[in-house]
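Take the working numbering: the final residue in the sequence shown is number 603, and no numbers are missing along the way.
A virtual CB, placed ideally from N, CA and C, is assigned to each residue, including glycine.
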Amino acid sequence: MAASPTPGGGLGAILAAGDRDYLVRNSGEQVKISSIEGDTVAIYFSASWCPPCQRFTPKLIEAYKELTSNGKSFEVIFVSGDRDEEAFNAYFAKMPWLAVPFSDSEGRKSLDERFDVNGIPHLVFLDAKTGEVLTDEGVEFVSEYGIEAYPFTTERINELKEQEKAAKDNQTIHSVLATPNRNYVISNTGEKVPIVDLEGKYVGICFVVNGYPPVEEFTPVLAKIYAKLKEVGEKFEVVAVSLDSDEESFNNSFSSMPWLAIPHGDKMCQKLVSYFELSDLPTLVLIGPDGKTLSSNIADIINEHGLDAWEGFPFNAEKLEILAEKAKAKAASQTLESLLVTGDVDFVIGKDGAKVPVAELVGKTVLLYFSAKWCGPCRAFLPTLVDVYNKIKEKNSDFEIVFVSSDRDQSSFDDFFSGMPWLAIPLEDERKAYLKKKFKIRGIPSLVAIGPDGKTVNTDAKTSLAVHGADAFPFTDERIQELEKKIEEMAKGWPEKLKHELHEHELVLIRRPRPYGCDGCEEMGTSWSYNCAECDFDLHTKCALGEEKKGEEVNGQEHAAAPAGYVCEGDVCRKA
Numbered sequence: 028m029a030a031s032p033t034p035g036g037g038l039g040a041i042l043a044a045g046d047r048d049y050l051v052r053n054s055g056e057q058v059k060i061s062s063i064e065g066d067t068v069a070i071y072f073s074a075s076w077c078p079p080c081q082r083f084t085p086k087l088i089e090a091y092k093e094l095t096s097n098g099k100s101f102e103v104i105f106v107s108g109d110r111d112e113e114a115f116n117a118y119f120a121k122m123p124w125l126a127v128p129f130s131d132s133e134g135r136k137s138l139d140e141r142f143d144v145n146g147i148p149h150l151v152f153l154d155a156k157t158g159e160v161l162t163d164e165g166v167e168f169v170s171e172y173g174i175e176a177y178p179f180t181t182e183r184i185n186e187l188k189e190q191e192k193a194a195k196d197n198q199t200i201h202s203v204l205a206t207p208n209r210n211y212v213i214s215n216t217g218e219k220v221p222i223v224d225l226e227g228k229y230v231g232i233c234f235v236v237n238g239y240p241p242v243e244e245f246t247p248v249l250a251k252i253y254a255k256l257k258e259v260g261e262k263f264e265v266v267a268v269s270l271d272s273d274e275e276s277f278n279n280s281f282s283s284m285p286w287l288a289i290p291h292g293d294k295m296c297q298k299l300v301s302y303f304e305l306s307d308l309p310t311l312v313l314i315g316p317d318g319k320t321l322s323s324n325i326a327d328i329i330n331e332h333g334l335d336a337w338e339g340f341p342f343n344a345e346k347l348e349i350l351a352e353k354a355k356a357k358a359a360s361q362t363l364e365s366l367l368v369t370g371d372v373d374f375v376i377g378k379d380g381a382k383v384p385v386a387e388l389v390g391k392t393v394l395l396y397f398s399a400k401w402c403g404p405c406r407a408f409l410p411t412l413v414d415v416y417n418k419i420k421e422k423n424s425d426f427e428i429v430f431v432s433s434d435r436d437q438s439s440f441d442d443f444f445s446g447m448p449w450l451a452i453p454l455e456d457e458r459k460a461y462l463k464k465k466f467k468i469r470g471i472p473s474l475v476a477i478g479p480d481g482k483t484v485n486t487d488a489k490t491s492l493a494v495h496g497a498d499a500f501p502f503t504d505e506r507i508q509e510l511e512k513k514i515e516e517m518a519k520g521w522p523e524k525l526k527h528e529l530h531e532h533e534l535v536l537i538r539r540p541r542p543y544g545c546d547g548c549e550e551m552g553t554s555w556s557y558n559c560a561e562c563d564f565d566l567h568t569k570c571a572l573g574e575e576k577k578g579e580e581v582n583g584q585e586h587a588a589a590p591a592g593y594v595c596e597g598d599v600c601r602k603a
């Protein structure tokens, strides 16, 4: 935000409220607002209950201490969003600056409104003499630039951005990894490896977070590719950039990595987040032998091709074309065994862990069911899938489902699998990660249909099943198109518009490409609905036309929270 004047003049007019003309320190000392020294003052809106605030506050404390110890004219004023004074006191005790008294709720509310605070942490920088707002993007500036952003004016930030652009134009492996006080990276044994040793090599800058599922799934694959490239003599190295907040988490993840890392807590880690405009994890930036960036993220290539990705190194256009052709040929030669057999592991399991040879599934239509007990939409979908499974099996013996679990422990897996009449891949089996990557599973529940010849016939069989039920079998494009034509014919006999006692407005018959919720019987619907676009109101055609519709009850298993890295919305849980 560009600098702008604040109504009402200087700092006193902004911070004083009623008869209160002072702020407080965490010792209880009162400090007159008129005595505050500092050319730049930051107003910090935060709360102890807010996780992003908990992560940002230590960064602000570090910047504050560095600036004040270097003689910079700077002050911070804390405006609490805590729910009670005990929480305020405990949080404020860690802060070396001033605060608006917690007892002055009206004063705190007034500041929230004055600076249009819609979320926290929120950091506003002011010119202390005039009250002019220098920027309201203080959190971003401190996170990206630290004390280099001082005095936190738009001009200073623009200057830093220009410096960044110049640095990218003249980028070297040293400018990316080194600092004035550090010219090395480290191994997981603590050895210091000079950055000069990386000159002339391809270097992957890998951003990591311990315990984040997408990163944990990616890292073992990268480790195998790393080993393969070393084995064939390629000049390739990886340097981890940890985003972990504590050293113990960093050490836990780095101990299993065969490559190098920037030391934990080094300010360069946060700078590289901004420098490479990090927006997703996992991210693997590829730096060329000349120190220039070749790709902002080759993690997607590795996720798509798995271990075979090493053959695309160094991932230029020519190599990627070869990799794509190989993937195309591999897909054309796909069989059920190529999907489900790895080395000596040539089975799936039934109840009580009984091993069922994959060979017994060859020639059948097989649904790969990606799901987990912790996922609410998965638990809700399971009864429908069981019903459809039983109906298909009554007429077609050449059909099976294989459960591919995302559960976190054996107990959850066993409990969820106990309600399934089909087969499964064991919980700790490596084939699960391969299948998720191959079919790009980003959300659960998901169903992928494999035909009798082992080829993939439908990567979104869940939608086909939700719309057409057991009639969707064998889930091929031809079958789905045939069913769609029948639905179109059936709809010709329904009124285009109607009035219904459950809604005040006229309802219009519309085609629904995805499942929806019926506001009459509160169950899921598919294909068609009678809809009020103004109110986002829907009725099943059977509910709207007065026909009896019997819904299925959802399995009422106890709620389980989604693990880190997943967000559950509507009828799917996706990777965040």
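What does DSSP give as the partner residues of residue i in its beta bridges?
i, result
"F72", "V106 and H149"
"K524", "V535"
"D565", "N558"
"Q57", "V51"
"D154", "T67"
"T483", "I477"
"A267", "C233 and A288"
"H495", "According to DSSP, H495 bridges with nothing at all."
"F101", "T67"
"G552", "Y543"
"L394", "I428 and A476"
"T162", "F152"
Of all the options the options, which has the alpha carbon lying nearest to the alpha carbon of residue i?
i, options, result
"L572", "E531, P522 and V266", "P522"
"I200", "Y229, I104, K188 and K192", "Y229"
"H530", "G547, L536, N278 and L256", "G547"
"N655", "I88, G37 and H291", "Any answer about residue 655 is impossible in this case: the structure gives the chain only from 28 up to 603."
"E549", "C570, E164 and E505", "C570"
"F105", "P79, Y71, F129 and P128", "Y71"
"A193", "I452, Y302 and K346", "Y302"
"V265", "K512, D224 and I514", "D224"
"F430", "I452, E511 and Q437", "I452"
"A324", "P341, D335, D317 and P316", "Note that residue 324 corresponds to Asn in the displayed sequence, not to Ala. With distances taken between Cα atoms, N324 lies closest to P341."
"E304", "F374, C77 and E191", "E191"
"N53", "K86, A254 and E112", "E112"
"S554", "L525, E516 and C77", "E516"
"G260", "W337, M122, A90 and W449", "W337"
"P78", "T362, S360 and I147", "I147"
"G604", "E133, D441, F129 and T162", "The chain is shown only over 28 to 603; residue 604 falls outside these bounds and no answer can be derived."
"V212", "F281, F179 and T181", "F281"
"G217", "P540, G45, I88 and N278", "N278"
"L409", "V389, N423 and M447", "M447"
"N485", "R469, G496, P479 and F502", "F502"
Within 10 Å of its beta-carbon, does residue i have 16 or more other beta-carbons around it, so buried, or fewer, so exposed?
i, result
"A155", "buried"
"A493", "buried"
"E579", "Any reading at E579 is ruled out, since the residue's pLDDT is 35, under 50, leaving its predicted position unreliable."
"T310", "buried"
"N343", "exposed"
"W124", "buried"
"T157", "exposed"
"S283", "exposed"
"T369", "exposed"
"G339", "buried"
"N558", "buried"
"E171", "buried"
"A40", "exposed"
"S202", "exposed"
"K188", "exposed"
"G380", "exposed"
"W286", "buried"
"M28", "Unreliable placement is indicated for M28, whose pLDDT of 43 sits below 50; the coordinate value is still reported in the next sentence. Classification of M28: exposed, given that the 10 Å Cβ count is below 16."
Round the Cβ separation of residue i and residue j to the nearest angstrom and send it over; I've been treating them as touching at under 8 Å.
i, j, result
"S107", "A126", "7 Å"
"S556", "D563", "Between D563 and S556 the Cβ distance is about 11 Å, and since that is not below 8 Å, they are no contact."
"V235", "A205", "The Cβ separation is near 20 Å, so there is no contact."
"L153", "E159", "7 Å"
"I232", "I329", "In fact, because the Cβ distance is near 14 Å, the residues do not count as touching under 8 Å."
"G65", "S100", "5 Å"
"P241", "L308", "6 Å"
"F397", "S433", "7 Å"
"A44", "E186", "Not quite, the Cβ-Cβ distance comes to about 36 Å (not below 8 Å), so this is no contact."
Under 8 Å between C-beta atoms, does residue i make it to chain C?
i, result
"R52", "Absent from the structure is chain C; it holds one protein chain and no more."
> Quick one: complete beta strand (DSSP E) runs, 3+ long, within the stretch 191-232?
Replying inline: The beta strand (DSSP E) runs of length 3 or more contained entirely in the stretch 191-232 are, from start to end of the chain, 211-213 and 219-221.
> Can you list, in chain order, the stretches of the alpha helix (DSSP H) that have 4 or more residues and sit fully within the stretch 306-385?
Replying inline: Qualifying alpha helix (DSSP H) stretches, in chain order: 326-332, 344-359 and 363-367.
>> Suppose only complete runs of 4+ residues qualify. What are the alpha helix (DSSP H) ranges in the stretch 396-464, listed by chain order?
In response: The qualifying runs are 403-422 and 437-444.
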